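J.: Numbering of the sequence shown is given in the UniProt record's numbering, commencing with residue 1 and proceeding in unit increments. Sharing a structure below in structure tokens format, with a few things to ask.
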Amino acid sequence: MSSNEISHENLPHEQGAHGTAVAESPFADPGLPPHKPRIQDIDERAAKRSERTVALLFTISMLATIGFIASFVIFPVDKIVYVWPIGHVSATNLSLGLTLGVALFCIGAGAVHWARTLMSDTEFADDRHAIEATPEVKAKVMADFADGARESAIGRRPLIRNTMLGAMAMVPLSGIVLLRELGPLPEKKLFHTSWSRGKQLINMNTNEPLRPEDVVVGSLTFAKPEGLEEDDENFNNKIAKDALMIVRIAPQDIKDRRELEWSHQGIVAFSKICTHVGCPISLYEQQTHHVLCPCHQSTFDLSDGARVIFGPAGHPLPQLRIGVNDEGYLEALGDFAEPVGPAFWERG
Ligand code: FES
Numbered sequence: 001m002s003s004n005e006i007s008h009e010n011l012p013h014e015q016g017a018h019g020t021a022v023a024e025s026p027f028a029d030p031g032l033p034p035h036k037p038r039i040q041d042i043d044e045r046a047a048k049r050s051e052r053t054v055a056l057l058f059t060i061s062m063l064a065t066i067g068f069i070a071s072f073v074i075f076p077v078d079k080i081v082y083v084w085p086i087g088h089v090s091a092t093n094l095s096l097g098l099t100l101g102v103a104l105f106c107i108g109a110g111a112v113h114w115a116r117t118l119m120s121d122t123e124f125a126d127d128r129h130a131i132e133a134t135p136e137v138k139a140k141v142m143a144d145f146a147d148g149a150r151e152s153a154i155g156r157r158p159l160i161r162n163t164m165l166g167a168m169a170m171v172p173l174s175g176i177v178l179l180r181e182l183g184p185l186p187e188k189k190l191f192h193t194s195w196s197r198g199k200q201l202i203n204m205n206t207n208e209p210l211r212p213e214d215v216v217v218g219s220l221t222f223a224k225p226e227g228l229e230e231d232d233e234n235f236n237n238k239i240a241k242d243a244l245m246i247v248r249i250a251p252q253d254i255k256d257r258r259e260l261e262w263s264h265q266g267i268v269a270f271s272k273i274c275t276h277v278g279c280p281i282s283l284y285e286q287q288t289h290h291v292l293c294p295c296h297q298s299t300f301d302l303s304d305g306a307r308v309i310f311g312p313a314g315h316p317l318p319q320l321r322i323g324v325n326d327e328g329y330l331e332a333l334g335d336f337a338e339p340v341g342p343a344f345w346e347r348g
């Protein structure tokens, strides 16, 4: 008699009860289906074959790991090889990836084959039982705990108890120190841009200061603050916050009162940085005054305070208050009133 047969006899929900239970009540526990022995359960030669297959897979995994280590030694970092159909690739990356992949795959495949062919596949049914401990067990645990506390003399030695509590309370502080590795604090950087009162608006295409007459109805102009040059070390970081989008709208078409007050003769300046995840906005629909972010199609109405009318952006585009200086050039009348770009902390 095989071990499978022995375990079946011991089961209360065995297939013997299957037919009877269904006949008596359609809702009765049908029990487990009959167990079907696998070829490896009845044929020792098949079992040996499976064993050899599993061993082979584990051996290949070991060889692949050795190959992984050897790849480090054999291939120079800059060695490039041609592999069809991928093309030119780094020999080190290719060999490391292949050998590690084979090593991990063979361990997984070996384990799966072992479990499916050689480990017992007999299913057992076990009744649920209460998880809660009995009152006697609970009482014993509490008594053991009290005994332990008494034997440790923690109550009689407050010095040890207090210093231990202090030590345990302080250990997590080391985790706080590690936060420093996340980099410097952003401080107020996210709240401010390079714009300030009196800075002229510079056309990003011509690099010339903008006059009101340069901005015609229907055009879309991009601007940067005076003093910011492309060869500046921090140009990319700065323009990612400073970039402006300038359009001219007939003043009677501007629906938002603050927008009108912050404009100059219908010329309005808004941040070019989308408030969803920060893509630069570049598509302007002159009839409707809608601008569209190409990344996820957020659409803003520039005639209505750059309100979001479609898409995932959560906030309107911030507006820059502008005017004209004594020389007739457009200038900023301050910084943005709110952070530009993607929303954070619901905009402080
Ligand atoms: S970044 Fe503009 S819609 Fe997503």
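For glycine and all other residues, C-beta sits at the position ideal for the given N, C-alpha and C. The model shown is predicted, which means the values in this text are computed figures rather than measured ones.
Distance, Cα to Cα, D29 vs F124?
T.: For D29 and F124, the distance between alpha carbons rounds to 14 Å.
J.: For I154, which three-state DSSP category applies?
T.: Three-state DSSP puts I154 in coil, outside helix and strand.
J.: Starting from G110, follow the alpha helix (DSSP H) in both directions and report where the run begins and ends.
T.: Per DSSP, G110 belongs to the alpha helix (DSSP H) from 91-117.
J.: With DSSP as the reference, label T221 as helix, strand or coil.
T.: Note: T221 maps to strand in three-state DSSP.
J.: Report yes if the C-beta of H296 is less than 7 Å from at least one heavy atom of the ligand FES; otherwise report no.
T.: Yes; taking the cut-off as 7 Å, the Cβ of H296 has a heavy atom of the ligand FES nearer than that.
J.: Between the alpha carbons of E213 and P318, how many angstroms are there, rounded?
T.: For E213 and P318, the distance between alpha carbons rounds to 23 Å.
J.: Count the other C-beta atoms from every protein chain shown that fall within 10 angstroms of the C-beta of I249, then say buried if there are 16 or more, exposed otherwise.
T.: Classification for I249: buried.
J.: Residue 354: beta carbon under 7 Å from a heavy atom of the ligand FES?
T.: An answer regarding residue 354 cannot be provided, because it is not within the stretch 1 to 348 covered by the chain.
J.: When the Cα of L57 is compared with those of I86, G101, E331, V81, which residue comes out closest?
T.: The shortest C-alpha separation from L57 is found at G101.
J.: Taking all protein chains shown into account, decide if E259 is buried (16 or more other Cβ within 10 angstroms of its Cβ) or exposed.
T.: The residue in question, E259, is buried, as its Cβ has 16 or more Cβ neighbours within 10 Å.
J.: Alpha helix (DSSP H) containing L56: first to last residue?
T.: Note, L56: alpha helix (DSSP H), 44-74.
J.: Measure the C-alpha to C-alpha separation of V81 and S90 and round it to an integer number of angstroms.
T.: Cα-Cα distance, rounded: 6 Å.
J.: What does a CB cutoff of less than 7 Å around V340 pick up in its chain, not counting 5 residues either side in sequence?
T.: Around V340: T193, K241, S271, I273, P318.
J.: Skipping 5 residues on each side, what residues in its chain have a beta carbon closer than 6 Å to that of V177?
T.: None.
J.: Tell me T291's beta-bridge partners as DSSP assigns them.
T.: For clarity, residue 291 is Val in the given sequence; the question names Thr instead. Answer is Y284, F300, bridged to V291.
J.: Apply the 10 Å Cβ neighbour rule to R321 and answer buried if 16 or more other Cβ atoms are within range, or exposed otherwise.
T.: Per the 10 Å Cβ criterion, buried.
J.: With hydrogens ignored, establish whether the beta-carbon of P312 is closer than 7 Å to any heavy atom of the ligand FES.
T.: Yes, the Cβ of P312 comes within 7 Å of a heavy atom of the ligand FES.
J.: When you compare the region 35-49 with the region 93-112, are there three or more beta-carbon pairs, one atom per stretch, that lie closer than 8 Å?
T.: No contact exists between the region 35-49 and the region 93-112.
J.: DSSP three-state label for A146, please.
T.: A146 falls in the helix class under three-state DSSP.
J.: Within this structure, are the beta carbons of P316 and F300 separated by less than 8 Å?
T.: For P316 and F300, yes; Cβs fall inside 8 Å.
J.: For a test of the three-state rule: what should DSSP assign to R161, helix, strand or coil?
T.: Here R161 sits in helix by DSSP.
J.: Rounded to whole angstroms, what is the Cα-Cα separation between L96 and L63?
T.: Between L96 and L63, the C-alpha separation is close to 13 Å.
J.: How many whole angstroms separate the CB atoms of L220 and M245, which I take to be in contact at a CB cut-off of 8 Å?
T.: Confirmed, about 7 Å.
J.: Classify N207 as helix, strand or coil using the three-state DSSP reduction.
T.: The answer is coil: DSSP assigns N207 none of H, G, I, E or B.
J.: Straight-line CA distance for I254 to E261?
T.: Near 10 Å, if we compare the C-alpha coordinates of E261 and I254.
J.: Evaluate G305 with the Cβ neighbour count: other Cβ atoms within 10 Å of its Cβ, from every protein chain shown; 16 or more gives buried, anything less gives exposed.
T.: So G305 counts as buried.
J.: Determine the extent of the alpha helix (DSSP H) in which V177 is found, giving its start and end residues.
T.: Where V177 is concerned, the enclosing alpha helix (DSSP H) stretches over 173-178.
J.: Are the beta-carbon atoms of P172 and T275 separated by less than 8 Å?
T.: Their beta carbons are not under 8 Å apart, which means P172 does not touch T275 by this criterion.
J.: Report yes or no: do the region 218-235 and the region 189-204 share at least 3 C-beta pairs separated by less than 8 Å?
T.: Segments in contact, yes.
J.: Using three-state DSSP, classify R38 as helix, strand or coil.
T.: R38: coil per DSSP, three-state reduction.
J.: Of the choices G67, G198, E327, H296, whose alpha-carbon is the least far from that of A313?
T.: Taking only the C-alpha atoms, the option nearest A313 is H296.
J.: Among V215, I160, K48, whose alpha-carbon lies nearest the alpha-carbon of V324?
T.: Checking every option, the nearest Cα to that of V324 belongs to V215.
J.: What did DSSP end up calling E331 once you bin it into helix, strand or coil?
T.: E331: strand per DSSP, three-state reduction.
J.: Just verifying my parser: in three-state terms, what is the DSSP assignment at G323?
T.: Three-state DSSP puts G323 in a strand.
J.: Near L333, what residues of its chain come up, given a Cβ to Cβ distance below 7 Å and the 5 sequence neighbours on each side ignored?
T.: Correct list, in chain order: R197, R321, I322, G323.
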